[in-house]
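Student: Sequential numbering of the sequence shown, starting at 275, is according to the working numbering.
By construction, the Cβ of each residue, glycine as well, lies at the ideal position given by its N, Cα and C atoms.
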Amino acid sequence: MALQGCYACIKYLVIIFNFLFWLAGIGVLALSIYTYVKASNYVAGSDEIKTLFISLYILMAAGSLMTILGFLGCCGALRESQCMLGSFFFLVLIILIAEIVAGVWAAMNQKEVEDILTNELRRIIQKEYGLNEVANRTIDAIQHDFTCCGASGPSDWKESNFNKNKDGGKITTTEDALRGVQSQFGIYKVPSSCCVNSAECNPNPLQTIGNAVGFDNSIHKDGCVKKLEKAFKNNLTIVAGVGIGLGVIQILGLIFSIILCCAIRNGEGVSYHV
Numbered sequence: 275m276a277l278q279g280c281y282a283c284i285k286y287l288v289i290i291f292n293f294l295f296w297l298a299g300i301g302v303l304a305l306s307i308y309t310y311v312k313a314s315n316y317v318a319g320s321d322e323i324k325t326l327f328i329s330l331y332i333l334m335a336a337g338s339l340m341t342i343l344g345f346l347g348c349c350g351a352l353r354e355s356q357c358m359l360g361s362f363f364f365l366v367l368i369i370l371i372a373e374i375v376a377g378v379w380a381a382m383n384q385k386e387v388e389d390i391l392t393n394e395l396r397r398i399i400q401k402e403y404g405l406n407e408v409a410n411r412t413i414d415a416i417q418h419d420f421t422c423c424g425a426s427g428p429s430d431w432k433e434s435n436f437n438k439n440k441d442g443g444k445i446t447t448t449e450d451a452l453r454g455v456q457s458q459f460g461i462y463k464v465p466s467s468c469c470v471n472s473a474e475c476n477p478n479p480l481q482t483i484g485n486a487v488g489f490d491n492s493i494h495k496d497g498c499v500k501k502l503e504k505a506f507k508n509n510l511t512i513v514a515g516v517g518i519g520l521g522v523i524q525i526l527g528l529i530f531s532i533i534l535c536c537a538i539r540n541g542e543g544v545s546y547h548v
């Protein structure tokens, strides 16, 4: 039994679209894994921010499923199997609905995600930096790579443990006494990763800023949250374009697969060879 005429064309269109779907699945899987590995350098030790990785886990699962479904759809079209084509249609429809729901959720919760990121970065800066090596590497990597300082700005460092002595505020050394005097005048220290040019920074003690210090212009003024948002928005057009293109492929695949499935079931355009 073989399809003829326009139905034969539809059959091969389904095969082509499923091959593209398979390639898209591999692309989504590779991109989500790359993003996960890249982002892990910036969120190490932060369980709160790591919860935002749920979307990446979903993308990994979706990419894996798309790869499997692309193969299933190709086999279904080649073998002219109603069962395989029907399963393909049903599962792709579920993925398409899930993608729409995820997109709507992301748009509606953008401010909440921003608040989580801001609060968690500020917490790490004020409570953990200088006491936790993982936190040190995370914040330094973000500030260096995104040319920023603090969550909202350099002032986030003012009340941080990084600016306090190791004995919980008790002045025990000359350096502690100097820090105490400095804090009264609004002068505080920031890590060297905040510096515009690390060659101009004094690493020991680390860079100081304030009204009485002339290093103010050598410190990045922008907060890291805004820089992270800007980096995300710069890539948003590409992400949106890929998403729309993927959606078009999915919709066309759904249409052609259901037409092909109905043609096989009704025996339309079918020739029998004896």
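Return the chain-ordered list of same chain residues with a C-beta closer than 6 Å to the C-beta of residue 468, the five sequence neighbours on each side being excluded.
Tutor: Along the sequence shown, read from residue 1 onward, the residue named residue 468 stands at position 194. Around residue 468: 417, 423, 493, 494.
Student: Please report the distance separating the alpha-carbon of residue 525 from that of residue 336.
Tutor: Here residue 525 corresponds to residue number 251 of the sequence shown, with the count starting at 1. Here residue 336 corresponds to residue number 62 of the sequence shown, with the count starting at 1. Rounded to whole angstroms, residue 525 to residue 336 spans 16 Å at the Cα level.
Student: Is the number of C-beta pairs between the region 524-539 and the region 290-300 that are closer than 8 Å three or more?
Tutor: Yes, the region 524-539 is in contact with the region 290-300.
Student: Any contact of the region 337-351 with the region 293-306, i.e. 3+ C-beta pairs under 8 Å?
Tutor: Short answer: they touch.
Student: CB residue 408 to CB residue 431, shorter than 7 Å?
Tutor: Mapped onto the sequence shown, residue 408 falls at position 134. Mapped onto the sequence shown, residue 431 falls at position 157. No, these two residues do not count as a Cβ contact at 7 Å.
Student: Whole angstroms is fine: what's the gap from residue 346's alpha carbon to residue 362's?
Tutor: For the purposes of this step, residue 346 is taken as the residue at position 72 of the sequence shown. For the purposes of this step, residue 362 is taken as the residue at position 88 of the sequence shown. Cα-Cα distance, rounded: 7 Å.
Student: Counting C-beta neighbours from all protein chains within 10 Å, is the total for residue 359 16 or more, i.e. buried, or is it exposed?
Tutor: Looking up residue 359 in the sequence shown gives position 85. Classification for residue 359: buried.
Student: Quick one: what does DSSP say residue 403 is sitting in, helix, strand or coil?
Tutor: Translated into positions along the sequence shown, residue 403 becomes position 129. If DSSP states are grouped into helix, strand and coil, residue 403 belongs with coil.
Student: DSSP three-state call for residue 422: helix, strand or coil?
Tutor: Working through the sequence shown from its first residue, we reach residue 422 at position 148. Coil, per DSSP.
Student: Considering only the beta carbon of each residue, do residue 435 and residue 404 sit closer than 7 Å?
Tutor: On the sequence shown, position 161 is the one that residue 435 refers to. On the sequence shown, position 130 is the one that residue 404 refers to. Yes, the Cβ-Cβ distance between residue 435 and residue 404 is below 7 Å.
Student: Under 7 Å, do residue 303 and residue 338 count as touching if we go by C-beta distance?
Tutor: Here the question's residue 303 lines up with position 29 in the sequence shown. Here the question's residue 338 lines up with position 64 in the sequence shown. Yes; because the gap between Cβ atoms is below 7 Å, this pair is in contact.
Student: In this structure, what does DSSP give as the bridge partners for residue 469?
Tutor: Numbered from 1 along the sequence shown, position 195 holds the residue referred to as residue 469. DSSP lists 493 as partners of residue 469.
Student: Classify residue 383 as helix, strand or coil using the three-state DSSP reduction.
Tutor: Stepping through the sequence shown from its first residue, residue 383 is reached at position 109. Looking at residue 383 - three-state DSSP - the assignment turns out to be coil, as it is neither helix nor strand.
Student: For residue 455, count the other beta carbons within 10 Å of its own beta carbon; 16 or more makes it buried, fewer makes it exposed. Which is it?
Tutor: Position 181 of the sequence shown, counted from the first residue, corresponds to residue 455. Bear in mind that the predicted position of residue 455 carries a pLDDT of just 46, short of 50, making it too unreliable to give a figure here.
Student: Does the beta-carbon of residue 353 have 16 or more other beta-carbons within 10 angstroms, so that it is buried, or is it exposed?
Tutor: Residue mapping note: residue 353 aligns to position 79 of the sequence shown, counting from 1. Counting Cβ neighbours within 10 Å, residue 353 comes out exposed, since fewer than 16 surround it.
Student: Where residue 286 and residue 373 are concerned, what is the direct C-alpha to C-alpha distance, given to the nearest angstrom?
Tutor: Position 12 of the sequence shown holds residue 286. Position 99 of the sequence shown holds residue 373. When rounded, the distance between both Cα atoms is 26 Å.
Student: For residue 462, count neighbouring C-beta atoms within 10 Å of its own C-beta (all shown protein chains included) and say buried if the count is 16 or more, exposed if not.
Tutor: Your numbering for residue 462 matches position 188 in the sequence shown. It counts as buried.
Student: Would the beta-carbon of residue 497 fall within 7 Å of that of residue 427?
Tutor: Position 223 of the sequence shown, counted from the start, is the residue given in the question as residue 497. Position 153 of the sequence shown, counted from the start, is the residue given in the question as residue 427. Closer than 7 Å, so yes.
Student: So what's residue 354 in DSSP terms, helix, strand or just coil?
Tutor: Sequence index remark: in the sequence shown, residue 354 carries index 80 (1-based). Three-state DSSP puts residue 354 in coil, outside helix and strand.
Student: Within 10 angstroms of its Cβ, does residue 506 collect 16 or more other Cβ (buried), or is it exposed?
Tutor: Here the question's residue 506 lines up with position 232 in the sequence shown. So residue 506 counts as exposed.
Student: Would you mind stating whether residue 499 and residue 391 have Cβ atoms separated by less than 7 Å?
Tutor: What you label residue 499 is simply residue 225 of the sequence shown in a count that begins at 1. What you label residue 391 is simply residue 117 of the sequence shown in a count that begins at 1. Yes, the Cβ-Cβ distance between residue 499 and residue 391 is below 7 Å.
Student: Between residue 501 and the rest of its own chain, which residues show a CB-CB distance below 8 Å, the 5 nearest in sequence each way excluded?
Tutor: Counting from one through the sequence shown, the residue named residue 501 turns up at place 227. Excluding sequence neighbours, residue 501 sits near 420, 421, 422.
Student: Please name the residue in 433, 539, 370, 411 whose C-alpha comes closest to that of residue 397.
Tutor: As a working note, residue 397 is residue 123 in the sequence shown. Closest option to residue 397, Cα to Cα, is 433.
Student: State the CB to CB distance for the pair residue 376 and residue 332, rounded to an integer number of angstroms; the pair is presumed to be in contact (CB under 8 Å).
Tutor: Working through the sequence shown from its first residue, we reach residue 376 at position 102. Working through the sequence shown from its first residue, we reach residue 332 at position 58. About 7 Å separates the two Cβ atoms, so the contact holds.
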